[in-house]
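Protein chains in written order, with my numbering: chain A, 1 to 112; chain S, 1001 to 1115. Scroll down for the structure; my scribbles are underneath it.
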Amino acid sequence: GESVGLHLPTLSVQEGDNSIINCAYSNSASDYFIWYKQESGKGPQFIIDIRSNMDKRQGQRVTVLLNKTVKHLSLQIAATQPGDSAVYFCAEIVNAGNMLTFGGGTRLMVKP
Amino acid sequence: DAGVIQSPRHEVTEMGQEVTLRCKPISGHNSLFWYRQTMMRGLELLIYFNNNVPIDDSGMPEDRFSAKMPNASFSTLKIQPSEPRDSAVYFCASRTGTVPGTEAFFGQGTRLTVV
């Protein structure tokens, strides 16, 4: 029979608009979070990170927001460009340890 | 630095054959991770090493999978015997130990197809 693949949530945005990608985590002991971008045929690439003692961090065109109360992480991309089209993963590390665990990913599609 | 280097980039093998995937971490990084990515299960952590010592291998699917890190600059992931359900992209990543606030860098992956 046909196998069922992992259903990736997809966000479709117009070029130039802002994008918001969300991630929920379950472990309240997670203390370091990273957003990765994965383009087709490539390995995940670091975008931005945030520690649990912060609630916001900004980079170039990207902002990560952390809400520990509801265990929610978001990645905001300003002025989304076609080159931003990829799958985005949030990852977490627990208790200053070393095990990096990934969420399921969100596919971002940018329409020209 | 050339980043994390994985070989081969693509591997096609017949069921029952032994497969060995190779990884060279970034120089100076003392943590190394092996991940498997499939459509069904996403990105799964198989095993990670700290200072060449396996720390957590709870993600290794079964005894057919084994990983070694004989020195700080080389690791292997071996599947013996391979099965069609092992078909996936296998990623290696490295990181600077347990220092908070340092991300893991990924290789380009090895796409394994078992027929």
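Beta carbons: idealized from backbone N, C-alpha and C, even for Gly. None of the values given here were measured: they were computed from a predicted structure.
7 Å or more divides the Cβ of residue 57 of chain A from the Cβ of residue 47 of chain A. Between the stretch 18-27 of chain A and the stretch 79-89 of chain A there are three or more inter-stretch CB-CB distances shorter than 8 Å, so the stretches are counted as touching. Setting aside the 5 residues that flank it on each side, residue 1054 of chain S is surrounded in the same chain by 1047, 1048, 1067, 1069, each with a C-beta closer than 8 Å to its C-beta; the list follows chain order. For residue 39 of chain A and residue 1108 of chain S, the gap between their C-alpha atoms comes out near 11 Å. Among the CB atoms of chain S, one or more fall inside 7 Å of the CB of residue 49 of chain A. Against chain S, the CB of residue 34 of chain A has a partner CB under 7 Å away; the residue lies at that interface. For residue 1010 of chain S, the uninterrupted beta strand (DSSP E) run begins and ends at 1010-1013, by DSSP. For the pair residue 1033 of chain S and residue 1072 of chain S, the CB atoms are not nearer than the 7 Å cut-off. Under the rule that a run must span 4 or more residues, no alpha helix (DSSP H) segment is found entirely inside the stretch 1071-1114 of chain S.
Across the structure, residue 1051 of chain S and residue 1023 of chain S are spaced so that their CA atoms are roughly 15 Å apart.
Around residue 44 of chain A, the beta-carbon contacts reaching into chain S at under 7 Å are 1106. Taking the Cα positions, residue 69 of chain A is about 48 Å away from residue 1013 of chain S. Of all residues in the stretch 1046-1071 of chain S, only 1048, 1050, 1055, 1056 come within less than 8 Å of chain A when Cβ atoms are compared, listed by chain position. Distance between residue 73 of chain A and residue 1078 of chain S, taken at the CA atoms: about 35 Å.
Per DSSP, the continuous beta strand (DSSP E) segment holding residue 31 of chain A begins and ends at 30-38. Using a CB distance cut-off of 7 Å, residue 98 of chain A counts as an interface residue toward chain S. Residues of chain S whose Cβ lies closer than 7 Å to the Cβ of residue 63 of chain A do not exist, since the nearest Cβ in that chain is about 17 Å away. In this structure, residue 1095 of chain S sits away from residue 1027 of chain S, with a CB-CB distance that is not shorter than 7 Å.
According to DSSP, residue pairing for residue 42 of chain A in a beta bridge does not occur.
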